[in-house]
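Going by this note's numbering, the final residue of the sequence shown carries number 85, and the count climbs one at a time with no gaps.
Cβ coordinates follow ideal geometry from the N, Cα and C atoms, glycine included.
Written below as structure tokens is the structure these notes are about.
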Amino acid sequence: MTAPSVPVPVSAAAPAADLIGTPLTRDEADLLAVYDALRDLVQRDLPPCAASGLRAALASTAVVVTDLGLRFEHLLDEGV
6 MTAPSVPVPV SAAAPAADLI GTPLTRDEAD LLAVYDALRD LVQRDLPPCA ASGLRAALAS
66 TAVVVTDLGL RFEHLLDEGV
């Protein structure tokens, strides 16, 4: 059994709240960190197999981030 998620302070670079202003839990902050790391990785010049796999991972993670209301952006509009 896992411990309940509690609000956690996040760095100044990361948002401290979701789209409606609710403070982020530790899990939500971790999800955003993964999402941001994947976004950074897909911008690099990587081998095709790595680039393809990372885009697939980013797409799945983007669905989670959007469904939780943590961030709303269209990856295709941003060239990802």
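**Message:** Would the stretch 48–57 count as touching the stretch 75–83 if we require 3 or more Cβ pairs under 8 Å?
**Reply:** no
**Item:** Residue burial classification, Leu24 (beta-carbon count within 10 angstroms, cutoff 16)
**Value:** exposed
**Asked** Cα separation between Ala21 and Asp50?
**Response** 31 Å
**Asked** Using the C-alpha atoms, what's the distance from Asp82 back to Thr71?
**Response** 15 Å
**Asked** Whose C-alpha, out of Thr30, Glu33, Val69, Ala62, is nearest the C-alpha of Val47?
**Response** Ala62
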